[in-house]
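Protein chains in written order, with the numbering used here: chain A, 1 to 210; chain B, 1001 to 1208.
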Amino acid sequence: MSVKVLSKGEATRERLLDLAEKAVLQKGFGATTIEELIAAAGLTKSGFFYHFRDKNDLAQALLRRYIDRHNDIIDDMFVRSSELTDDPLHGFLIGLKFFADLLADLPNTHPGCIVASFCYQDQQFSRDIRDLNAEGVRAWRARIQVRLQEIAKRYPPRPGVDIEALADMCTAIVEGGIILSRTLDEKEMLARQVMAYRNYVRLAFETREA
Amino acid sequence: MVQVQALSKGEQTRERLLDIAQDAVLHKGFAGTSLDEIICEAGITKSGFFYHFRDKNDLAKALLQRYLDNEWRVFEDLFSQAEELSDDPLHSFLIFLKLFADLMSDIPNGHPGCLVASYVYQDYLFSQEVRRMTTEGHRIWRVRFRERLDRIAARYPPKIEVDLNDMADMLSAVADGGIILGKSLAEPAVLSRQIMQYRAYVKLVFGG
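Spelled out as structure tokens, the structure:
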């Protein structure tokens, strides 16, 4: 999450990715054209192809950036929360609260997740992009699962709680929350769903208070 | 499950066109699906297609309507099966969730995708009318799940403070999210496991 100064070329590349991400999340990848991106960015065609070999290369860069950003967001939440408490359960709950606050602070309805958008058009993409999509979801699973395992060492999971599925549920609830907030046009919905997941995590482990 | 009724030849063709279109839309997106490929795969003429659907928007609408109707029929059916097995609102909801998870794990090759989610991710391509239909679809699910949670809460006070609307929405969210995870990971079992986790949550909230 560190701020770095981008060179002019990097800034152009980021701008192209921003424009592409917005268009892809509203219309899908198939309906997004290189021509419209070039026009919106005020670039020449060769300017575009300097940054991306073709549309597949653009798709890969979009997805890579989306996954990396979210890995950073997750890591950042948990670094901040671990500074506040040594207890793994409390730390996780604080991290989820930070995450819900971050989502609640978005100016508009969440624009959407590139992983979800791509999985609904998977035949448009090459094998390597589908693999990258799976890798991204696995990276999120692993980051959360490792924390839930730490919690489970101190607080035994209650009956019916499956640690891997509980880890996936964090991603599932965000994906589903994005879809609900967009269909219902209720911006607050996403943060509320993260808080509902947080409630579940509170109940999922045996603590003295429970 | 779904009532079997004899379809006329015209209805059969229409259903077949919708099946082909749905499969294509869920894998390639709406823009990536052409009328020509649907017509070609169905082995009919262009005018045969336009007898059933005025244009691509009309096809989009019919697809979504059928999807919402089918989903609802499946839920109603599972609810009535669960209610036959238990009068208790909590137990029958837990049975419903188990039946739902089992049904999802029985789909060969996993859930092909939710048409509402697919449309949301391409919403600029659709008319206002189609977008309103997706909104209505989710609102109905919220109301129907909420009714059941209300009945449960009346008998079993929640162990922690929960918002029942959020809890009702959570089932839709977990199902939509579980489909996305299952598709992205090529692990179809993820979806039914997510529903079972939601079920474990309901049990913890009301059952203790």
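Here a beta-carbon is modelled for each residue, glycine too, at the ideal position from N, C-alpha and C.
For residue i, tell me which candidate among the options has the shortest Cα-Cα distance.
i: C1114/B; options: A1200/B, S1105/B, Y1067/B and V1074/B; result: Y1067/B
i: V174/A; options: D75/A, D128/A, P111/A and P157/A; result: P111/A
i: F214/A; options: C113/A, H90/A and S81/A; result: Look at the range of chain A in this structure, 1 to 210, and you will see that residue 214/A is not part of it.
i: I74/A; options: R154/A, E188/A and G136/A; result: G136/A
i: A116/A; options: V194/A, F48/A, I94/A and E21/A; result: E21/A
i: Q60/A; options: P107/A, S7/A, D122/A and V146/A; result: D122/A
i: R1139/B; options: G47/A, M189/A and M169/A; result: M189/A
i: W1072/B; options: F1100/B, A1060/B and F1050/B; result: F1100/B
i: G1048/B; options: L1035/B, N1070/B and F1030/B; result: L1035/B
i: Y120/A; options: R1016/B, G1010/B, I1107/B and S1184/B; result: S1184/B
i: P107/A; options: E186/A, V79/A and M195/A; result: E186/A
Could you name the residues of the same chain whose beta carbon sits closer than 8 Å to that of residue i, not counting the 5 residues immediately before and after it, in chain order?
i: D1023/B; result: P1112
i: I1160/B; result: V1205
i: V161/A; result: A204 and F205
i: G1177/B; result: Q1194
i: T1033/B; result: A1021, A1024 and V1025
i: I1179/B; result: H1111, G1113, C1114, A1117 and L1191
i: R198/A; result: L93, L96, K97 and A100
i: L1063/B; result: L1018, A1021, Q1022, V1025 and L1115
i: L1043/B; result: Residue identity differs from the one stated: residue 1043/B is Gly in this sequence, not Leu. Cβ within range, chain order: n/a, list empty.
i: S1086/B; result: S1092 and I1095
i: E14/A; result: L6
i: I178/A; result: H110, G112, C113, A116 and L190
By Cβ distance below 6 Å, which residues in the same chain neighbour residue i in space, the five residues on each side in sequence not counted?
i: M1001/B; result: Confidence is the limiting factor: at M1001/B the pLDDT is only 49, short of 50, which leaves the residue's position unreliable, though a coordinate-based value still follows. Here the set comprises D1077.
i: G1110/B; result: G1182 and P1188
i: Y66/A; result: I114
i: R1014/B; result: H1052
i: W140/A; result: T171
i: A23/A; result: T32
i: E1083/B; result: S1092
i: L180/A; result: M189
i: G1207/B; result: none
Helix, strand or coil: which one does DSSP assign to residue i?
i: P157/A; result: strand
i: M1001/B; result: The pLDDT assigned to M1001/B is 49, lower than 50, so where the model puts this residue is not dependable, and the model offers no usable value.
i: F1206/B; result: helix
i: F1100/B; result: helix
i: F205/A; result: strand
i: V5/A; result: coil
i: C113/A; result: coil
i: A1168/B; result: helix
i: Q121/A; result: coil
i: D162/A; result: coil
i: Q149/A; result: helix
i: Y1121/B; result: coil
i: G176/A; result: helix
i: T1045/B; result: coil
i: T44/A; result: coil
i: Y1156/B; result: coil
i: A1060/B; result: helix
i: G30/A; result: coil
i: G1032/B; result: coil
i: P107/A; result: coil
i: S1127/B; result: coil
i: D68/A; result: helix
i: V79/A; result: helix
i: E1015/B; result: helix
i: P88/A; result: helix
Thinking C-beta only, is residue j closer than 8 Å to residue i?
i: T109/A; j: R182/A; result: yes
i: G176/A; j: Y1121/B; result: no
i: H51/A; j: L19/A; result: no
i: I129/A; j: L63/A; result: yes
i: F92/A; j: I163/A; result: no
i: Q1065/B; j: M1133/B; result: yes
i: F49/A; j: L37/A; result: no
i: F1145/B; j: A1175/B; result: no
i: L184/A; j: T1135/B; result: yes
i: Q26/A; j: K1028/B; result: no
i: Q193/A; j: D1166/B; result: yes
i: F1030/B; j: L1097/B; result: no
i: N55/A; j: I34/A; result: Reading the sequence as shown, one finds Lys at residue 55/A and not Asn. A contact, by the Cβ cut-off of 8 Å.
i: S1172/B; j: W1141/B; result: yes
i: K1061/B; j: E1129/B; result: yes
i: A165/A; j: A1186/B; result: no
Give every residue of the same chain whose Cβ lies closer than 7 Å to the Cβ of residue i, excluding the five residues on either side of it in the sequence, and list them in chain order.
i: P1089/B; result: R1148, R1151, I1152 and R1155
i: M1170/B; result: Y1198
i: R1131/B; result: D1123
i: A11/A; result: none
i: A191/A; result: A100, L103 and A104
i: D57/A; result: none
i: I88/A; result: First, the amino acid is wrong: residue 88/A is Pro here, not Ile. Correct list, in chain order: R147, E150, I151 and R154.
i: K1056/B; result: L1035
At a threshold of 7 Å, does residue i count as lining the ligand COA (C-beta to nearest heavy atom)?
i: D1036/B; result: With respect to the ligand COA, the structure offers nothing, as it holds no ligand at all.
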